[in-house]
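Report on the structure given below.
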Amino acid sequence: MSSIKLKVEFLGGLDAIFNHVREHKISLPYSGEPPKMSDLIRHLADNVMTDKKDHHIFIEDGSVRPGILVLINDTDWELEGEDEYELEAGDVLTFTSTLHGG
Amino acid sequence: MSSIKLKVEFLGGLDAIFNHVREHKISLPYSGEPPKMSDLIRHLADNVMTDKKDHHIFIEDGSVRPGILVLINDTDWELEGEDEYELEAGDVLTFTSTLHGG
Amino acid sequence: ETQVDAFFTLEEYLRYGRQMTVRELGISGQRKLKTARVLVIGAGGLGCPALLYLAGAGVGKLGIVDNDVVDTSNLHRQVLHSTERVGQLKCESAKTYLQKLNPFVEIETYPVRLLNSNSFAIFRNYEVILDCTDTPITRYLISDTATLCGLPVVSGSGLRTEGQLSILNFNNTGPCYRCFYPRPPPPNAVTSCSDGGVLGPAIGLVGVMMALETLKLVSGAYTQDNFKPFLTVYAGYPTQSLRTFNMRGRKADCKACSLQASITEKMITSGEINYTEFCGRVNYNVL
Amino acid sequence: ETQVDAFFTLEEYLRYGRQMTVRELGISGQRKLKTARVLVIGAGGLGCPALLYLAGAGVGKLGIVDNDVVDTSNLHRQVLHSTERVGQLKCESAKTYLQKLNPFVEIETYPVRLLNSNSFAIFRNYEVILDCTDTPITRYLISDTATLCGLPVVSGSGLRTEGQLSILNFNNTGPCYRCFYPRPPPPNAVTSCSDGGVLGPAIGLVGVMMALETLKLVSGAYTQDNFKPFLTVYAGYPTQSLRTFNMRGRKADCKACSLQASITEKMITSGEINYTEFCGRVNYNVL
Ligand SMILES: [Zn+2]
Ligand SMILES: [Zn+2]
Numbered sequence: 021m022s023s024i025k026l027k028v029e030f031l032g033g034l035d036a037i038f039n040h041v042r043e044h045k046i047s048l049p050y051s052g053e054p055p056k057m058s059d060l061i062r063h064l065a066d067n068v069m070t071d072k073k074d075h076h077i078f079i080e081d082g083s084v085r086p087g088i089l090v091l092i093n094d095t096d097w098e099l100e101g102e103d104e105y106e107l108e109a110g111d112v113l114t115f116t117s118t119l120h121g122g
Numbered sequence: 021m022s023s024i025k026l027k028v029e030f031l032g033g034l035d036a037i038f039n040h041v042r043e044h045k046i047s048l049p050y051s052g053e054p055p056k057m058s059d060l061i062r063h064l065a066d067n068v069m070t071d072k073k074d075h076h077i078f079i080e081d082g083s084v085r086p087g088i089l090v091l092i093n094d095t096d097w098e099l100e101g102e103d104e105y106e107l108e109a110g111d112v113l114t115f116t117s118t119l120h121g122g
Numbered sequence: 035e036t037q038v039d040a041f042f043t044l045e046e047y048l049r050y051g052r053q054m055t056v057r058e059l060g061i062s063g064q065r066k067l068k069t070a071r072v073l074v075i076g077a078g079g080l081g082c083p084a085l086l087y088l089a090g091a092g093v094g095k096l097g098i099v100d101n102d103v104v105d106t107s108n109l110h111r112q113v114l115h116s117t118e119r120v121g122q123l124k125c126e127s128a129k130t131y132l133q134k135l136n137p138f139v140e141i142e143t144y145p146v147r148l149l150n151s152n153s154f155a156i157f158r159n160y161e162v163i164l165d166c167t168d169t170p171i172t173r174y175l176i177s178d179t180a181t182l183c184g185l186p187v188v189s190g191s192g193l194r195t196e197g198q199l200s201i202l203n204f205n206n207t208g209p210c211y212r213c214f215y216p217r218p219p220p221p222n223a224v225t226s227c228s229d230g231g232v233l234g235p236a237i238g239l240v241g242v243m244m245a246l247e248t249l250k251l252v253s254g255a256y257t258q259d260n261f262k263p264f265l266t267v268y269a270g271y272p273t274q275s276l277r278t279f280n281m282r283g284r285k286a287d288c289k290a291c292s293l294q295a296s297i298t299e300k301m302i303t304s305g306e307i308n309y310t311e312f313c314g315r316v317n318y319n320v321l
Numbered sequence: 035e036t037q038v039d040a041f042f043t044l045e046e047y048l049r050y051g052r053q054m055t056v057r058e059l060g061i062s063g064q065r066k067l068k069t070a071r072v073l074v075i076g077a078g079g080l081g082c083p084a085l086l087y088l089a090g091a092g093v094g095k096l097g098i099v100d101n102d103v104v105d106t107s108n109l110h111r112q113v114l115h116s117t118e119r120v121g122q123l124k125c126e127s128a129k130t131y132l133q134k135l136n137p138f139v140e141i142e143t144y145p146v147r148l149l150n151s152n153s154f155a156i157f158r159n160y161e162v163i164l165d166c167t168d169t170p171i172t173r174y175l176i177s178d179t180a181t182l183c184g185l186p187v188v189s190g191s192g193l194r195t196e197g198q199l200s201i202l203n204f205n206n207t208g209p210c211y212r213c214f215y216p217r218p219p220p221p222n223a224v225t226s227c228s229d230g231g232v233l234g235p236a237i238g239l240v241g242v243m244m245a246l247e248t249l250k251l252v253s254g255a256y257t258q259d260n261f262k263p264f265l266t267v268y269a270g271y272p273t274q275s276l277r278t279f280n281m282r283g284r285k286a287d288c289k290a291c292s293l294q295a296s297i298t299e300k301m302i303t304s305g306e307i308n309y310t311e312f313c314g315r316v317n318y319n320v321l
């Protein structure tokens, strides 16, 4: 069992369901294949989220719910392969709620 | 003769005397001892400044003139040894004029 | 009024002199501002500061869409209204003040809710749209209408101590709101400033940023070559910060802006596209 | 006026409700705002937006120092003045509008130039000082006076498309202006907004940031433990950005704030310290 060290940020109020902490240092355990974004997202939902009843705020249909933007090293994850992106040590993963207030 | 690669930024209008370019990639040549901030400052004044008659805008009494802040990797150079700081490859050196307008 | 040249009177040169001397704008930028027509949708926490700086800068024509009236609870952040104007239409209250700030600006007010039935008729009189609204429903309508009209959108938003800023449909080649958000958020996840609260300066800062982005668009600072789709995120705490993220371009299958786009003006004006249904209604029982 | 509790009327709860629900401020922060006394020096490009958001937020007492009058060339960026008030004192023009925005705020105007002879008498009535001024001469005077009075300074500045923000003398342990700048810049290197030009939203953004920093100071967001000396730098172009630099603490030999400080109130009020001489005079022949 190896692990990979990552920095995970929750912005746009999303920190509220992750213990009100905006920046997390995550050590993501894995065996075999290097872990993907989908593995990190599952890990965050299962092990980092404060309260399981907030699951639907973060996850929908097995991935991040609409209205949450995901950035991989400051770049839209759509440009990086989304769920399939292979994580590298030191990556910065940012999750932010879209804000609608004006 | 070796050289060290650095990123140099000019903010607060200081880019005006460096060809109106805010971000420079500098390859600083040196021999023997690793170069210091004082070597970089001399190099910028001698080889990067557009017009020698602007020398006094950047330099006074052999160092950076009062009213210019110097940051080494986003930290006030006073905390890093000022002129005596030993440069490392990849360092980001920021020079910014103090602004006074209101 | 002494006319100095084909563009400006002496009074205008005096008024705009300090910004015309800024290289990034210049006299050429000031001329473009004078002929520019800019529509601001929402005269609230974002719209107030955006309007103040756009009117100050000398945009030729400003449109203001807002059917809401000034409420006491707005005044901590909607700083161009005032206590004596509580109960007045926000668009008229804004016009009253802005006209005093800069009588050279033509201001047109639209005391209506932006709807499928009126968005095209309003947008067609303008060149740049500022989205200063409060719900995804309106944000999709603004983006779809602007995209079909070929107009860029400066899009801002904020809540509590944070904010977001982007430019949509830049030059009819940049991504639109649907490219970023093909599916709307679940309605229960959407919080307005009235519900969730907001600090005045936090939302105000985003509005001021929107004004500068508009000046850039109008003066031609952004070009097809240098424009990269972005989302800038502001945080007020712990240290005030801005982060700019590189965003996707147009989605190949976007319903509004791609080559395969299926949305037409008629589908919007006829009500065939129902934004309220698309975004869903809040089910308060879930909470 | 229905009094709801010992602190606020119903009207105040309605007015400030949207910001009191923000966790970072809260009702406790709102109470501190109500008893706070904040002095804004300069009602220009920085002072106007700072004053708008501080008055909106409900600071108990606001002081405004400015002996200048409104000029047409100010209005593109000094958005709380207006065309009809050209020629009026800026501090009175500001008060007129701010009082309409929020009648709950007590506003005191000082239509004087800040000088060695009056700075202490004015500062002693306040808890936080905003430096929205235009020359190093005044910036040194403000910092020295505030340091000797034991007050923090929210210091902003801007020019063309850029800006800078810092907090000085935090909690009487943070660095002062002299710590950052022990020697003044050569006078020919100093450019004001009137001379060098400035974009309204660029300087406006810094003023809005100053308002938020003031809310943080008053509400206790900064503590002796979490405060780190900083300088935040704003750039409007090419992408709007903020960079925050970690700055030095107090200089061991600072003439104003260190244990070896030599500057006294008497040296300032008597004119023994001559800021104009210290900063030098512009020698236009050199240019
Ligand atoms: Zn699209
Ligand atoms: Zn000091």
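Protein chains in written order, with this note's numbering: chain P, 21 to 122; chain H, 21 to 122; chain U, 35 to 321; chain D, 35 to 321.
Glycine residues also receive a C-beta, built at the ideal position from the N, C-alpha and C atoms.
Contacting residues, own chain, Cβ-Cβ under 7 angstroms from residue i (five flanking each side not counted)
{"i": "residue 24 of chain P", "result": "48, 50, 55, 107, 109"}
{"i": "residue 133 of chain U", "result": "141"}
{"i": "residue 93 of chain H", "result": "111, 112"}
{"i": "residue 33 of chain P", "result": "117"}
Where residue i sits in the DSSP three-state scheme
{"i": "residue 269 of chain U", "result": "strand"}
{"i": "residue 24 of chain H", "result": "strand"}
{"i": "residue 215 of chain U", "result": "coil"}
{"i": "residue 235 of chain U", "result": "helix"}
{"i": "residue 111 of chain H", "result": "coil"}
{"i": "residue 12 of chain H", "result": "With chain H covering 21 to 122 only, the question about residue 12 of chain H has no answer from this structure."}
{"i": "residue 289 of chain D", "result": "coil"}
{"i": "residue 260 of chain D", "result": "coil"}
{"i": "residue 160 of chain D", "result": "coil"}
{"i": "residue 48 of chain U", "result": "helix"}
{"i": "residue 194 of chain U", "result": "strand"}
{"i": "residue 306 of chain U", "result": "coil"}
{"i": "residue 320 of chain D", "result": "Caution is warranted here: a pLDDT of 40 is assigned to residue 320 of chain D, below 50, making its placement in the model unreliable, and no coordinate value can be reported."}
Which residues DSSP lists as bridging residue i, in chain order
{"i": "residue 95 of chain U", "result": "U:71, U:140"}
{"i": "residue 56 of chain P", "result": "P:106"}
{"i": "residue 275 of chain D", "result": "D:269"}
{"i": "residue 66 of chain U", "result": "In DSSP, residue 66 of chain U forms no bridge with anything."}
{"i": "residue 186 of chain U", "result": "DSSP lists no partner for residue 186 of chain U."}
{"i": "residue 126 of chain H", "result": "With chain H running from 21 to 122 in the structure shown, residue 126 of chain H is simply not present."}
{"i": "residue 203 of chain D", "result": "In DSSP, residue 203 of chain D forms no bridge with anything."}
{"i": "residue 88 of chain H", "result": "H:117"}
Proximity below 7 angstroms, CB of residue i to CB of residue j
{"i": "residue 67 of chain U", "j": "residue 252 of chain U", "result": "yes"}
{"i": "residue 93 of chain D", "j": "residue 122 of chain D", "result": "no"}
{"i": "residue 77 of chain U", "j": "residue 125 of chain U", "result": "yes"}
{"i": "residue 177 of chain U", "j": "residue 210 of chain U", "result": "yes"}
{"i": "residue 261 of chain U", "j": "residue 278 of chain U", "result": "no"}
{"i": "residue 167 of chain U", "j": "residue 122 of chain P", "result": "yes"}
{"i": "residue 96 of chain U", "j": "residue 139 of chain U", "result": "yes"}
{"i": "residue 195 of chain D", "j": "residue 49 of chain U", "result": "no"}
{"i": "residue 282 of chain U", "j": "residue 99 of chain P", "result": "yes"}
{"i": "residue 161 of chain D", "j": "residue 70 of chain D", "result": "yes"}
{"i": "residue 240 of chain D", "j": "residue 197 of chain D", "result": "yes"}
{"i": "residue 72 of chain U", "j": "residue 98 of chain U", "result": "no"}
Beta-carbon proximity list for residue i, same chain, < 6 angstroms, skipping 5 on both sides
{"i": "residue 21 of chain H", "result": "49, 51"}
{"i": "residue 291 of chain D", "result": "181, 210, 284"}
{"i": "residue 226 of chain D", "result": "168"}
{"i": "residue 102 of chain U", "result": "124"}
Which residues, in order along the stretch 237-251 of chain D, keep a beta-carbon less than 8 angstroms from a beta-carbon of chain U?
-> 238, 239, 242, 243, 245, 246, 247, 249, 250
Taking a Cβ distance cut-off of 8 angstroms, strictly less, list which residues of the stretch 169-203 of chain U are near chain P, in chain order.
-> 169, 170, 173, 190, 191, 192, 193, 194, 196, 197, 198
Within 9 angstroms of chain U by C-beta, residues of the stretch 102-120 of chain P in sequence order = 114, 116, 117, 118, 119, 120
Closer than 8 angstroms, Cβ to Cβ, to anything on chain A: give me those residues from the stretch 72-104 of chain U, in chain order.
-> Protein chains P, H, U and D are contained in the structure displayed, whereas chain A is not.
Quick one: which residues of the stretch 203-224 of chain U get their C-beta closer than 8 angstroms to a C-beta of chain D? List them in chain order.
-> none
Report the residues of the stretch 265-283 of chain D with a CB closer than 8 angstroms to any CB of chain H, ordered along the chain.
-> 265, 267, 269, 277, 278, 279, 280, 281, 282
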